[in-house]
Amino acid sequence: MEETPDILCIGSVLWDVIGRSASHMRQGSDVPGHITRLPGGVALNIAMTFARFGLRPGLLSAVGRDREGNELTEACAQLGCETGYLYRSDDLPTDRYMAVEGANGLIAAIADAHTLERAGARILQPLLDGTLGSVEAPYNGPMALDGNLTETLLDEIARDPAFAAADLRIAPASPGKAERLMPFLRARRGVLYVNLEEAGLLCRTSFDSAPQAAARLVERGAARAVVTNGGDAACDATPEGIVAECPPEVLVTRVTGAGDTFMAAHIVAELGGAGRAEALDRALAAAATYVSGDIPS
1 MEETPDILCI GSVLWDVIGR SASHMRQGSD VPGHITRLPG GVALNIAMTF ARFGLRPGLL
61 SAVGRDREGN ELTEACAQLG CETGYLYRSD DLPTDRYMAV EGANGLIAAI ADAHTLERAG
121 ARILQPLLDG TLGSVEAPYN GPMALDGNLT ETLLDEIARD PAFAAADLRI APASPGKAER
181 LMPFLRARRG VLYVNLEEAG LLCRTSFDSA PQAAARLVER GAARAVVTNG GDAACDATPE
241 GIVAECPPEV LVTRVTGAGD TFMAAHIVAE LGGAGRAEAL DRALAAAATY VSGDIPS
């Protein structure tokens, strides 16, 4: 930890257990396929994409001191992520995520992020004790957050002076956790990265397109909203205007982690000086490459 990371990734760092089949599936399906265990979690997926683009991401999360936690921490370091800021729990197990994917997309998933939730504000200690920042000298770099943090903790981050100088980028982690991002609407802070369903949950309605959803999020208080809609146009909205771009057409071979790849690629593009339209286009291209299976998990 001799150098400050290029970006901080705060949220879930866990093992992804993914079952994939080439068959179409429905409830009760029992089909052949492959089961893999890979380092994952929204914060880590984002961090791994940063590392692939040559950045040095720092992880702030909770990982157990069990065997799975030791293996995960070692894997994160090998992937180019700074693990020295992780909160290592002696009495909580390492979190896990389990998903089943078929030829027709994600069938079901369960995220067990209870250790992260129970660790709470302890994962933020490096941003408060002077290691990375403090109330007197706030961290002023980019910071990616995910909705696996509790709404209480996200609310604290939205209002805490220790985070006032940070470039906050926030993703909900899943539709079931979308409403945890409400504190950032109330505080009018950060960039929200959501899909069409998540935007609808935050606005308590449904939308037909990403531009419609992004504009409504801004009306409800978002400082900036980036909304994706699968193979249809994505949108970046601010009070000053809207930019929309269509993703490339590709054969989809996987979906878990696609949104995280999109978000990271978008941030990398902007850190490199890209304008809003170019950043959106590059993020969509990176996500399309990921879901097509052309880059490794």
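In UniProt numbering, the protein residues as written are 1 to 297. We put the beta carbon where it would ideally sit given N, CA and C, even for glycine.
Do you know whose CA, among 157, 74, 153 and 248, lies nearest residue 138's CA? Across the set 157, 74, 153 and 248, the C-alpha of 157 shows the shortest separation from the C-alpha of residue 138.
Enumerate in chain order the residues of its own chain whose CB-to-CB distance from residue 236 is below 6 Å, with the five nearest sequence positions on each side excluded. Excluding sequence positions up to five before and after residue 236, its CB lies within less than 6 Å of the CB of 226, 243, 276 and 280, all in the same chain and listed in chain order.
Using 8 Å as the cut-off, can you tell me whether the segment 115-133 makes contact with the segment 182-198, which would need three or more C-beta pairs spanning the two stretches below that distance? Too few Cβ pairs lie closer than 8 Å, so no.
What is the rounded straight-line gap between the Cα of residue 44 and the Cα of residue 192? When rounded, the separation of the alpha-carbon atoms in residue 44 and residue 192 is 18 Å.
With a threshold of 16 other CB atoms inside 10 Å of the CB of residue 267, please say whether the residue is buried or exposed. Around the beta carbon of residue 267, 16 or more other beta carbons lie within 10 angstroms, which makes this residue buried.
Where does residue 226 fall in DSSP's three states? It is a strand residue.
Does the pairing of the segment 64-74 with the segment 280-289 give three or more beta-carbon distances under 8 Å? Contact fails: fewer than three Cβ-Cβ distances are below 8 Å.
Within 10 angstroms of the Cβ of residue 9, are there 16 or more other Cβ atoms? Answer buried if so, exposed if not. Buried.
What number of angstroms, rounded off, separates the C-alpha of residue 258 from the C-alpha of residue 91? Residue 258 and residue 91 have their C-alpha atoms some 32 Å from each other.
If we count the other Cβ atoms within 10 Å of its Cβ and call it buried at 16 or more, is residue 140 buried or exposed? An exposed status is given to residue 140, since fewer than 16 other beta-carbon atoms sit within 10 Å of its beta-carbon.
Sequence-distant residues of its chain with Cβ nearer than 7 Å to residue 251 (five each side left out): Excluding the 5 residues flanking it on each side, residue 251 has same chain C-beta neighbours closer than 7 Å at 292, in chain order.
Taking Cβ positions, are residue 59 and residue 13 nearer each other than 8 Å? Yes; because the gap between Cβ atoms is below 8 Å, this pair is in contact.
Cut-off 6 Å between Cβ atoms - residues of its own chain near residue 173, not counting five sequence neighbours on either side: Excluding sequence neighbours, residue 173 sits near 42, 146, 147 and 148.
Which runs of the alpha helix (DSSP H), 4 residues or longer, sit entirely within the segment 135-177? Qualifying alpha helix (DSSP H) stretches, in chain order: 151-159.
Enumerate in chain order the residues of its own chain whose CB-to-CB distance from residue 211 is below 6 Å, with the five nearest sequence positions on each side excluded. Within the same chain, residue 211 has close Cβ partners 235, 242 and 244.
Exposed or buried, which one is residue 249 when buried takes at least 16 other CB atoms within 10 Å? So residue 249 ends up on the exposed side.
Check residue 85 in the structure and name its three-state DSSP category. Reduced to three states, the DSSP call for residue 85 is coil.
Pop quiz: residue 180 and residue 201 are said to be a contact at Cβ under 8 Å. What is the actual Cβ separation, rounded to whole angstroms? The Cβ separation is near 10 Å, so there is no contact.
Exposed or buried, residue 61, counting other C-beta atoms within 10 Å across all chains shown (16 or more means buried)? Its Cβ being crowded by 16 or more others within 10 Å, residue 61 is buried.
Cutting at 8 Å between CB atoms, please list the residues of its own chain near residue 169, excluding the five before and the five after it. Around residue 169, the same chain offers 142, 143, 144, 145, 190, 191, 193, 263 and 267 as residues with beta carbons nearer than 8 Å, after the five sequence neighbours per side are excluded.
Please report the straight-line C-alpha distance between residue 217 and residue 203, rounded to a whole angstrom. So the two alpha carbons sit approximately 7 Å from each other.
Buried or exposed (CB count within 10 angstroms, at least 16 for buried), residue 261: Under this definition residue 261 is a buried residue.
Run through the DSSP bridge pairs and tell me what residue 275 is partnered with. DSSP lists no partner for residue 275.
So what's residue 126 in DSSP terms, helix, strand or just coil? Secondary structure at residue 126: helix, using DSSP grouped into helix, strand and coil.
Cα-Cα separation, residue 77 to residue 127: Approximately 21 Å, taken between the alpha carbons.
Limits of the alpha helix (DSSP H) - the one that residue 104 falls within: Looking at the DSSP string, residue 104 is not in any alpha helix (DSSP H), and its letter there is neither H nor E.
Taking the alpha carbon of residue 64 as the point to measure from, which residue in 93, 55, 47 and 254 has its own alpha carbon closest? Comparing Cα-Cα distances from residue 64 to each of 93, 55, 47 and 254, the minimum goes to 93.
How close, in whole Å, do the beta carbons of residue 198 and residue 161 come, if the pair is a contact with beta carbons under 8 Å? Not really, about 28 Å apart at Cβ, beyond 8 Å.
Where do the N-terminal and C-terminal ends of the beta strand (DSSP E) with residue 24 fall, by residue? Bounds of any beta strand (DSSP E) do not take in residue 24, whose DSSP letter is neither H nor E.
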